[in-house]
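Structure, as structure tokens:
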Amino acid sequence: MLPESRHMFVCRRLNPVGRVLLVTMVTGLGLWGCTGISIQPSCPKELTPGESGPVKANQHNEGAIAKYTWEVFPSDAGAIEDPAIPATMFEAVEVGEVTIRLTASDGLYQVISQCVTEVVSFTEVTLSLAAEPDSPEVGDEVTLRCTTERLITSITRTVEQTAGGTVELNVVAEGVVTFTPSVGDDYTFRCVAQNAAGDQAESDLLTVAVPTSPDDPDNGNDNGSDRPDRRSLD
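Numbering (our numbering), first residue to last: 163 to 396.
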């Protein structure tokens, strides 16, 4: 996930008792607004409710007594894990645009800057379910892997069978299972993901077609003889 590129810088020169002597505002991309401590906060471009992502000050010239304060606007849109350190985590709560603001000071200068995270509904997350190998035969071990188009934290992914002869699904890792078909059939699966808030998203159905093996007793060609069934062409 790339950091949001919209930033606002407010620089304040402080006197020894902390009163503001000078205020300067600089806006733009990649500009450092002060000659003392400078920051360019970065935050996740996109999160879902219940998901967390890193926020960083990316500070320069922090001095010996740097202090940091992270804030979230609107305040009920999410929470900062530790608002007093330069690199921490933001947990999204409500859907919408969230402004994450950082105030930093080095004892002489105080700087305010911010970045923006978009919190989107979990139902908009795209899940993909794939099989390997994609054309297995009877007796082959098949791996089913459920993935998202981007990294999402704090979710669980479960692979379920929806059609075909029942097979045993062995969990290898979160979102990854294996099965070994003993007979030929069309086996259909889906992936269901759930986040910390209880919202769910589903993948499209995936059908794994396993051809009937010649040794399969249910292949319908058992004629009671070791010789092939011969029919008259007359």
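Glycine included, every Cβ here is placed at the ideal spot set by N, Cα and C.
Examine the ligand NAP and report whether any of its heavy atoms sits within less than 8 Å of the Cβ of residue i.
i: T369; result: Inclusion of the ligand NAP in the displayed structure is not the case, the ligand content being empty and no account of it being possible.
How close, in whole Å, do the beta carbons of residue i and residue j come, if the pair is a contact with beta carbons under 8 Å?
i: A355; j: L289; result: 6 Å
i: F284; j: D361; result: 4 Å
i: E299; j: P373; result: 6 Å
How about residue i and residue j: do their beta carbons lie closer than 9 Å?
i: S237; j: G301; result: no
i: T210; j: W232; result: no
i: T261; j: V234; result: yes
i: V287; j: E311; result: yes
i: P248; j: A226; result: no
i: C353; j: T320; result: yes
i: A228; j: G240; result: no
i: A358; j: G212; result: yes
i: T369; j: F351; result: yes
Whole angstroms is fine: what's the gap from residue i's alpha carbon to residue j's?
i: P206; j: Y349; result: 38 Å
i: E166; j: T279; result: Only weak support exists for where E166 lies, its pLDDT of 42 falling under 50; the value from the coordinates is given anyway. Distance between the alpha carbons of E166 and T279 is about 7 Å.
i: N332; j: I242; result: 38 Å
i: L367; j: A293; result: 12 Å
i: T342; j: E256; result: 42 Å
i: L291; j: S316; result: 19 Å
i: S375; j: L306; result: 22 Å
i: V329; j: L264; result: 53 Å
i: S214; j: T324; result: 32 Å
i: N223; j: A363; result: 45 Å
i: S204; j: S267; result: 17 Å
i: G327; j: I314; result: 33 Å
i: V334; j: T318; result: 14 Å
i: S297; j: E208; result: 36 Å
i: Y230; j: D244; result: 10 Å
i: T309; j: S365; result: 9 Å
i: A246; j: V217; result: 12 Å
i: V185; j: F252; result: With a pLDDT of 41 at V185, under the threshold of 50, the modelled position of this residue cannot be trusted, and the question is left open.
i: P295; j: E336; result: 19 Å
i: D322; j: Q221; result: Reading the sequence as shown, one finds Glu at residue 322 and not Asp. Using only the alpha carbons, I get a separation of about 47 Å.
Go ahead and pull the three-state DSSP assignment for residue i.
i: A219; result: coil
i: A239; result: helix
i: T350; result: strand
i: G294; result: According to the sequence provided, residue 294 is Glu. The question's Gly does not apply to it. Reduced to three states, the DSSP call for E294 is strand.
i: E224; result: coil
i: T285; result: helix
i: Q202; result: coil
i: E311; result: coil
i: V260; result: strand
i: L270; result: coil
i: E359; result: Reading off the sequence, residue 359 comes out as Ala, not Glu. Here A359 sits in coil by DSSP.
i: I317; result: strand
i: E303; result: coil
i: A246; result: coil
i: P376; result: coil
i: T328; result: coil
*Given 8 Å as the limit, is there contact between the region 256-271 and the region 200-208, that is, 3 or more CB pairs closer than that?*
yes
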